[in-house]
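What follows is a single structure, written as structure tokens, with notes after it.
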Amino acid sequence: SDELLRLFLDEIELYFQNYYGTGADMVAKKEKEMFIKQLWDRSYAKGYVDPNSAPYKKWQNLLSVHDEEETPKKNV
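In terms of the numbering used here, the sequence shown opens at residue 5 and continues consecutively.
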């Protein structure tokens with residue numbers, strides 16, 4: 005299942021790269037990150053799996069997302 009998730013994430017990245025075209029890599033990356041975060045926020049796993057469990061942490065790592073309360077606050 006991890007390999008399938010990686011393939012899915014690669015496909016999402018390719019979609020945004022193709023959509024925004026050459027020279028817009030940063031925009032495509034930001035859009036990809038926002039889309040993945042939106043999927044994560046709506047996912048079944050986020051609502052029902054123990055946030056301290058190994059599978060939950062693995063998904064967060066693979067998706068490069070973190071729950072809002074876990075995100076370190078920066079003083080600006």
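Glycine included, C-beta positions come from ideal geometry on N, C-alpha and C.
In this structure, the straight-line span from the alpha carbon of residue 49 to that of residue 27 is close to 35 Å. About 6 Å separates the beta carbon of residue 36 from that of residue 16, a gap short enough to meet the 8 Å contact definition. Take the alpha-carbon of residue 60 and the one of residue 53: they are about 7 Å apart. Our two residues, residue 70 and residue 63, have alpha carbons roughly 10 Å apart in a direct line.
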